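*Asks:* Got a structure for you, written out below as structure tokens; questions coming shortly.
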Amino acid sequence: MLDITDLNVWFGQGRDRVDAVKAASLAVEQGESFGLVGESGSGKSTILRAITGLAPDWSGRITVDGTDLGRRRDRAFYKSVQMVFQDPYASLHPRHSVDQVLSETLHLHGLGEIDRRVAKLLDDVGLGPRFRFRYPHQLSGGQRQRVAIARALAGEPRLLLLDEPTSALDVSVQAEILNLLTDLRAERGLTYLMVSHDLPVVGHMCERLAVMKDGEIVEVMEVAALRRMEARHPYAQSLLQASVAG
Amino acid sequence: MTLLDVGNLWVKFPTRQGMFEAVRGVSFSLKKERLGIVGESGSGKSMTGRAILRLIRKPGIVEADRIALEGTDLMRLTEIQMRQVRGEQISMVMQDPKFSLNPVMTIGAQIMEAYLLHAKASRSEARAKAVEMLEAVSIRDPERVMRAYPHEMSGGMGQRIMIAMMLIPNPQILIADEPTSALDVSVQRQVLDIMDRLVTDRGMGLIFISHDLNLVAEFCDRVLIMYAGRIVEVCDADKLHAAQHPYTRGLLNSLPRLDQPRARLEVLQRDAAWAEAPSVSGRV
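Line order of the protein sequences matches chains A and B. Going by the working numbering, the residue at position 238 of the first sequence is 238; the numbering climbs one at a time, nothing skipped. Take any residue in the second sequence, count from 1 to its spot, add 1000: that is its number in the working numbering.
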């Protein structure tokens, strides 16, 4: 589904150049859920941003569903790949109602029957019709993240990029959102690429994961191995220790 | 010996829909110990911490039978007297160093200011003290950091600087409101260890406010669990995982665990009775 080979992403030029991702390669199968872990600044979110085209300077090869990505992403790309951001407070327009957010997205995807689809999307993410005409400030953090997920699902994508989707939420709400993501993946056969700093969350959601440090992927492992605490790279081991003790 | 005794604390905010009660009659005491306050957003845990220092801004209202700091009732002090308490006797570390440090002052000037406000000392003494304090929070090259500005610091360094600044007037009580939730897991531990060491060495009382149950279970001595402005359960931190209240159990069960894989996570079923039940006393 997703193939990344020798991906480099950098910001700035000359002396100010920062190499955020260095020679990263990974492959995610159709229907798989793949995790990216590492501390802040390790480049995990930057990989997602490079895939969606939010990081302009990159080299290497990104293939989604057999198609190589170029400098620009076309409409078909955004229909099949969507992203859910960390902070639902920042990723929704404060003056657009839920209805506007979803209708506009559907319209941009060139879909008809918008009214019916908005109702369906809200239903799919467990919100129901009474939330349709609310504004973001009238929603809780978990409800907002549900709206963000509904928006990502609008074009019926096949690959969802999840950037710390629950780290701004309380643990009980996190459980609800993770369950929702689990159900949606099963119902729609979605593929997930999920960034998180929280190893237990990645362990719960994913089958495989990559550990990143200073822009490089230092280890790719199965979650089963993670559960047995079998990390080979010293950094991956220390991360595992820190999360188990905590 | 009881450092702080809080009795029947209320925090209220008048709104158009009537009075909103953020904290509803909470009582607890603090010895020379690490007391954790856990709960979800909106449970009133931060408001409790702020109310002790009377940092609730108008039109918010703080009511309490007493907030006694070694026998002195903070509720009866004037605002000017209260300023003597803040920093000198009770300090507070907030969540994000980005918003708590002054961006246009050097680190050194800020730490020295914190010291000079409360101690009669010369600038050179204050400077020496600030460098010493930065060393105490494991900052390498403190001389360079003294001259640096907050934006030149990483999150972990920023939070250690905050801790240095809060501890330099040598308070008896430190209130830490989510001191590590803006930090990476690996840095978190480091900052907690430093805080723990300083608090233990100086024989201080610590109120540790957090949403992270595992962190509190590991780091504190005693834990208050707050829900909807009340304390629903009090327990020893090492027995937190055996907690009885359905809310605490629900929170613990909703966490994914590496050693216990599950297809679906348990979802907390809230019971209206939890919010109505009277607050449990956290006094010893």
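All C-beta atoms, glycine included, are put in the ideal place defined by N, C-alpha and C. Every value quoted in this text rests on a predicted model; they were computed, and no experiment measured them.
#1: Give the secondary structure of residue 11 of chain A by DSSP, where H, G and I count as helix, E and B as strand, and everything else as coil.
#2: From what residue to what residue does the alpha helix (DSSP H) around residue 146 of chain A run?
#3: What span of residues does the alpha helix (DSSP H) with residue 1031 of chain B cover, start to end?
#4: What number of angstroms, rounded off, separates the C-alpha of residue 149 of chain A from the C-alpha of residue 1080 of chain B?
#5: For residue 242 of chain A, would you say it is in contact with chain B, using Cβ-to-Cβ distances shorter than 9 Å as the test?
#6: If the cut is a Cβ gap below 9 Å, which residues of chain A does residue 1178 of chain B touch?
#7: Give the list of continuous alpha helix (DSSP H) stretches no shorter than 4 residues that lie fully inside the stretch 171 to 218 of chain A.
#8: Strictly below 7 Å CB to CB, what residues from chain A border residue 1241 of chain B?
#9: If you draw a straight line from the C-alpha of residue 6 of chain A to the C-alpha of residue 1239 of chain B, how long is it?
#10: Can you name the residues of chain B whose CB is closer than 8 Å to the CB of residue 178 of chain A?
#11: So if I threshold CB-CB distances at 7 Å, which residues from the stretch 185 to 200 of chain A count as touching chain B?
#12: With a cut-off of 8 Å on the beta carbons, I'd call residue 1030 of chain B and residue 1067 of chain B a contact; round off their distance for me.
#13: For the beta strand (DSSP E) that residue 1008 of chain B lies in, which residues bound it at each end?
#14: To the nearest angstrom, how far is it from the Cα of residue 1061 of chain B to the Cα of residue 1098 of chain B?
#15: Rounded to the nearest angstrom, how far is the Cβ of residue 1095 of chain B from that of residue 1154 of chain B, given a contact under 8 Å?
#16: Following a CB-centred definition, is residue 1157 of chain B positioned closer than 8 Å to any heavy atom of the ligand HEM?
#17: Check the Cβ of residue 1184 of chain B against every Cβ in chain A and list those closer than 7 Å, keeping chain order.
#18: Apart from the five residues just before and just after residue 145 of chain A, which ones in its own chain have a Cβ nearer than 7 Å to its Cβ?
#19: Within 8 Å, do at least three Cβ pairs link the stretch 219 to 238 of chain A to the stretch 54 to 61 of chain A?
#20: Alpha helix (DSSP H) containing residue 1147 of chain B: first to last residue?
#21: What is the DSSP secondary structure of residue 1251 of chain B, counted as helix, strand or coil?
#22: Tell me which residue opens and which closes the alpha helix (DSSP H) that residue 1095 of chain B is part of.
#23: Could you check what DSSP says for residue 89 of chain A in three-state terms: helix, strand or coil?
#24: What residue does the alpha helix (DSSP H) around residue 1110 of chain B start on, and which one ends it?
#25: Give the interface partners of residue 1041 of chain B over in chain A, defined as CB-CB distance under 8 Å, in chain order.
#26: Among all the DSSP beta bridges, which residues are the ones paired with residue 1019 of chain B?
#27: Anyone know if the C-beta pair for residue 103 of chain A and residue 81 of chain A falls short of 9 Å?
#28: Going by CA-CA distance only, name the one from B/1268, B/1040, B/1054 and B/1137 that's closest to residue 1166 of chain B.
#29: Which of the three DSSP states, helix, strand or coil, is assigned to residue 1043 of chain B?
#30: Can you find a CB in chain B that lies within less than 9 Å of the CB of residue 103 of chain A?
#31: Using a Cβ-Cβ cutoff of less than 6 Å, which residues in the same chain neighbour residue 235 of chain A once the five nearest sequence positions on both sides are dropped?
#32: So, residue 215 of chain A versus residue 46 of chain A, is the Cβ gap smaller than 9 Å?
#33: According to DSSP, residue 1210 of chain B sits in a beta bridge with which residue or residues?
#34: Nearest-angstrom Cα distance between residue 1131 of chain B and residue 1142 of chain B?
#35: Are the CB atoms of residue 1208 of chain B and residue 1054 of chain B nearer to each other than 9 Å?
#36: From the beta carbon of residue 18 of chain A, is the nearest beta carbon of chain B less than 9 Å away?
*Replies:* Reading off the structure:
#1: For the purposes of this step, residue 11 of chain A is identified with residue 11 of the first sequence, where counting begins at 1. Three-state result, residue 11 of chain A: strand.
#2: Within the first sequence, numbered from 1, the residue matching residue 146 of chain A stands at position 146. Counting along the chain, residue 146 of chain A sits inside the alpha helix (DSSP H) bounded by residues 141 to 153.
#3: Position 31 of the second sequence, counted from the start, is the residue given in the question as residue 1031 of chain B. Premise fails: residue 1031 of chain B is in no alpha helix (DSSP H) and is neither H nor E.
#4: Numbered from its first residue, the first sequence carries residue 149 of chain A at position 149. Numbered from its first residue, the second sequence carries residue 1080 of chain B at position 80. Approximately 50 Å between the Cα atoms of the pair.
#5: For the purposes of this step, residue 242 of chain A is taken as the residue at position 242 of the first sequence. With 9 Å as the cut-off, residue 242 of chain A counts as an interface residue toward chain B.
#6: Within the second sequence, the letter at position 178 stands for residue 1178 of chain B. Per Cβ cutoff of 9 Å: no residues; residue 1178 of chain B is ~12 Å from chain A at best.
#7: 171 to 188 and 199 to 205, all fully within the stretch 171 to 218 of chain A.
#8: Stepping through the second sequence from its first residue, residue 1241 of chain B is reached at position 241. The premise fails here: residue 1241 of chain B is roughly 14 Å from chain A at the closest Cβ pair, so nothing lies under 7 Å.
#9: Within the first sequence, the letter at position 6 stands for residue 6 of chain A. Within the second sequence, the letter at position 239 stands for residue 1239 of chain B. Roughly 49 Å separates the two Cα atoms.
#10: Within the first sequence, residue 178 of chain A is the residue found at index 178, counting from 1. Those within 8 Å of residue 178 of chain A in chain B are 1256 and 1265.
#11: 197, 199 and 200
#12: As a working mapping, residue 1030 of chain B is identified with position 30 in the second sequence. As a working mapping, residue 1067 of chain B is identified with position 67 in the second sequence. So it is not a contact: roughly 11 Å between Cβ atoms.
#13: For the purposes of this step, residue 1008 of chain B is taken as residue 8 along the second sequence, with counting starting at 1. Element bounds for residue 1008 of chain B: 1004 to 1015.
#14: What you label residue 1061 of chain B is simply residue 61 of the second sequence in a count that begins at 1. What you label residue 1098 of chain B is simply residue 98 of the second sequence in a count that begins at 1. Their backbone Cα atoms lie some 28 Å apart in a straight line.
#15: In the second sequence, counting from the first residue as 1, residue 1095 of chain B sits at position 95. In the second sequence, counting from the first residue as 1, residue 1154 of chain B sits at position 154. That pair is no contact at about 16 Å.
#16: The ligand HEM is not part of this structure, which contains no ligands at all.
#17: In the second sequence, residue 1184 of chain B corresponds to position 184, counting from 1. For residue 1184 of chain B, the neighbours in chain A by C-beta distance under 7 Å run, in chain order, 39, 40 and 197.
#18: Counted from its first residue, the first sequence places residue 145 of chain A at position 145. Answer for residue 145 of chain A: 88, 165, 169 and 177, listed in chain order.
#19: No: fewer than three Cβ pairs fall under 8 Å.
#20: Reading the second sequence from its first residue, position 147 is the one you call residue 1147 of chain B. Residues 1142 to 1147.
#21: The residue you call residue 1251 of chain B lines up with position 251 of the second sequence. Reduced to three states, the DSSP call for residue 1251 of chain B is helix.
#22: The count along the second sequence starts at 1 and reaches residue 1095 of chain B at position 95. From DSSP, residue 1095 of chain B is part of no alpha helix (DSSP H); its letter is neither H nor E.
#23: In the first sequence, the residue the question calls residue 89 of chain A occupies position 89. Three-state result, residue 89 of chain A: coil.
#24: On the second sequence, residue 1110 of chain B is found 110 positions in, with the first residue counted as 1. Per DSSP, residue 1110 of chain B belongs to the alpha helix (DSSP H) from 1107 to 1118.
#25: Counting from one through the second sequence, the residue named residue 1041 of chain B turns up at place 41. Residues of chain A passing the Cβ test: 141 and 170.
#26: Translated into the one-based positions of the second sequence, residue 1019 of chain B becomes position 19. Residue 1019 of chain B is bridged to B/1014.
#27: In the first sequence, residue 103 of chain A corresponds to position 103, counting from 1. In the first sequence, residue 81 of chain A corresponds to position 81, counting from 1. No.
#28: Along the second sequence, one-based indexing puts residue 1166 of chain B at 166. Of the residues B/1268, B/1040, B/1054 and B/1137, the one whose Cα lies closest to the Cα of residue 1166 of chain B is B/1137.
#29: Position 43 of the second sequence, counting from 1, holds the residue named residue 1043 of chain B. The answer is coil: DSSP assigns residue 1043 of chain B none of H, G, I, E or B.
#30: Locating residue 103 of chain A in the first sequence gives position 103, counting from the first residue. Cβ-Cβ to chain B under 9 Å: no for residue 103 of chain A.
#31: Position 235 of the first sequence, counted from the start, is the residue given in the question as residue 235 of chain A. Cβ neighbours of residue 235 of chain A beyond the five flanking positions: 213 and 218.
#32: Reading the first sequence from its first residue, position 215 is the one you call residue 215 of chain A. Reading the first sequence from its first residue, position 46 is the one you call residue 46 of chain A. Closer than 9 Å, so yes.
#33: Numbered from its first residue, the second sequence carries residue 1210 of chain B at position 210. For residue 1210 of chain B, which the question treats as bridged, DSSP gives the partners B/1038.
#34: Against the second sequence, residue 1131 of chain B aligns to sequence position 131. Against the second sequence, residue 1142 of chain B aligns to sequence position 142. When rounded, the distance between both Cα atoms is 6 Å.
#35: Counted from its first residue, the second sequence places residue 1208 of chain B at position 208. Counted from its first residue, the second sequence places residue 1054 of chain B at position 54. In this structure, residue 1054 of chain B does not lie closer than 9 Å to residue 1208 of chain B by Cβ.
#36: Residue 18 of chain A sits at position 18 when you count from the first residue of the first sequence. It does not: the Cβ of residue 18 of chain A has no partner Cβ on chain B nearer than 9 Å.
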